[in-house]
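Asker:
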DNA sequence: GTCTCACTGATACCAGGTCTCATAACCATG
DNA sequence: CATGGTTATGAGACCTGGTATCAGTGAGAC
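Protein chains in written order, with our numbering: chain V, 67 to 208; chain A, 67 to 208.
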């Protein structure tokens, strides 16, 4: 079963209609290799309205088929998701994204909850740096 | 020495001109109690142009006089800064912000750097929850 | 005083995203 | 297969947050 079919079945299972627009958006999303902006999908899923692309992206986010990637300038990108809660390490030079397997702050969330009496509901955690490849290419050119 | 004077001296010391517009923006910023959007300052520093407010906010950020607060929807707010690198715990109900003294992920950054061969340059970390006061008021009304 | 350059504000612009609304497609049911 | 209710669509207006442009100004060094 292709990835596309698999996603379509998930939608069906949750009583979402399978329409040509949705399929086009999902196919475009699955074709991306790294992280991407909604605008990229708007351009690549030609013929699908802007609003529909945004609506479909929201749907895919809710279903955990894509996840949001927060860039350093606070702009939102997306990325086909490995399931479950995790964080990213983004190369600011080539854009490569490393998924970090565990949520590194779950212990911290517990400590904070105890220390502050907040009920902690969520967090943002993203790391930025330069991957090994980009570091060595910089070293070569300087 | 008032806070305003102190900030003005910092600007002077770094060869930035002290202008009425800047003073108005800084005064408006210092008058905020929690976190605030640039738009708030645009409205409160009446007579100062939009662009100038944004420029001044950038300047204040660079000088570490304010810090950026990332909200859950990825929108940027600002807050008068305690100095140095730190993170926030934001109450999603009343907007109250708790500053977290230490950077909780500095150890993690080191581990990640070793494990991934990335040179890690930065990160976002913000927590969201409900403060004790908001939790109890919810408890009362439900 | 005057000269120069950083600074200013009006305004146009751009990006990212939502709202509206008439229309169309879907599909369960009689 | 006709019908009807719901869900989805796309065009486009709109909104928010932020930048670029550029002629004009005023701060402060001399």
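A virtual CB, placed ideally from N, CA and C, is assigned to each residue, including glycine.
(1) Taking one C-beta from the region 163-172 of chain A and one from the region 116-131 of chain A each time, how about it: are there three or more such pairs within less than 8 Å?
(2) Could you tell me which chain A residues have their CB closer than 9 Å to the CB of residue 164 of chain V, listed as they occur along the chain?
(3) Is the separation between the beta-carbon of residue 93 of chain V and that of residue 125 of chain V shorter than 8 Å?
(4) With DSSP run on the structure shown, which of helix, strand or coil describes residue 73 of chain V?
(5) Assign residue 191 of chain V to buried or exposed, taking buried as 16 or more other Cβ atoms, counted over all protein chains shown, within 10 Å of its Cβ.
(6) Using a cut-off of 7 Å between C-beta atoms, extract the partners of residue 142 of chain A located in chain V.
(7) Indicate whether at least one CB of chain A lies closer than 8 Å to the CB of residue 171 of chain V.
(8) Counting only C-beta atoms, is residue 105 of chain V closer than 8 Å to chain A at any point?
(9) Find the residues of chain A that neighbour residue 136 of chain V, judging by a C-beta separation of less than 9 Å, and give them in chain order.
(10) What residues match up with residue 158 of chain V in a beta bridge as DSSP calls it?
(11) Just checking my contact of residue 114 of chain V with residue 132 of chain V at CB under 8 Å: how many whole Å lie between their CB atoms?
(12) DSSP state of residue 98 of chain A, grouped into three classes?
(13) Between residue 87 of chain V and residue 188 of chain V, what straight-line distance do the alpha-carbon atoms span, to the nearest angstrom?
(14) Would you say residue 132 of chain V reaches chain A, if we count a Cβ-Cβ gap shorter than 8 Å as a contact?
(15) Mind checking whether the beta-carbon of residue 128 of chain A lies closer than 7 Å to any heavy atom of the ligand PLP?
(16) Counting Cβ pairs, one atom from each stretch, are 3 or more of them under 8 Å apart for the region 97-105 of chain A and the region 139-157 of chain A?
(17) Any C-beta of chain V sitting closer than 8 Å to the C-beta of residue 128 of chain A?
(18) Take the Cβ of residue 111 of chain V as the centre, count every other Cβ of all protein chains shown within 10 Å, and call the residue buried at 16 or more, exposed below.
(19) Just to confirm, are residue 127 of chain A and residue 155 of chain V a CB contact at a threshold of 8 Å?
(20) Using a threshold of 8 Å, state whether the C-beta atoms of residue 195 of chain A and residue 160 of chain A are closer than that.
Answerer: According to the data block:
(1) The region 163-172 of chain A, when compared against the region 116-131 of chain A, does not touch it at the 8 Å Cβ threshold.
(2) What residue 164 of chain V touches in chain A: 178, 182, 184.
(3) For residue 93 of chain V and residue 125 of chain V, no; Cβs fall outside 8 Å.
(4) In this structure, residue 73 of chain V counts as helix in the three-state DSSP scheme.
(5) So residue 191 of chain V counts as buried.
(6) Per Cβ cutoff of 7 Å: 140.
(7) Closer than 8 Å to some Cβ of chain A, the Cβ of residue 171 of chain V qualifies, so yes.
(8) For residue 105 of chain V, not one C-beta of chain A is nearer than 8 Å to its own C-beta.
(9) Residues of chain A with a Cβ closer than 9 Å to the Cβ of residue 136 of chain V are, in chain order, 136, 140, 190.
(10) Its beta-bridge partners do not exist; DSSP assigns none.
(11) Rounded, the Cβ-Cβ distance is 16 Å, inconsistent with contact.
(12) Under the three-state reduction of DSSP, residue 98 of chain A is assigned to coil, being neither helix nor strand.
(13) Their backbone Cα atoms lie some 32 Å apart in a straight line.
(14) Not one chain A Cβ lies under 8 Å of residue 132 of chain V.
(15) In the structure shown, the ligand PLP is absent, as is every other ligand, since no ligand is present at all.
(16) Under the Cβ criterion (8 Å, minimum of three pairs), the region 97-105 of chain A counts as touching the region 139-157 of chain A.
(17) Output row for residue 128 of chain A: interface = no.
(18) The residue is buried, with at least 16 neighbouring Cβ atoms inside 10 Å.
(19) 8 Å or more divides the Cβ of residue 127 of chain A from the Cβ of residue 155 of chain V.
(20) Cβ distance not < 8 Å, so residue 195 of chain A and residue 160 of chain A don't count as in contact.
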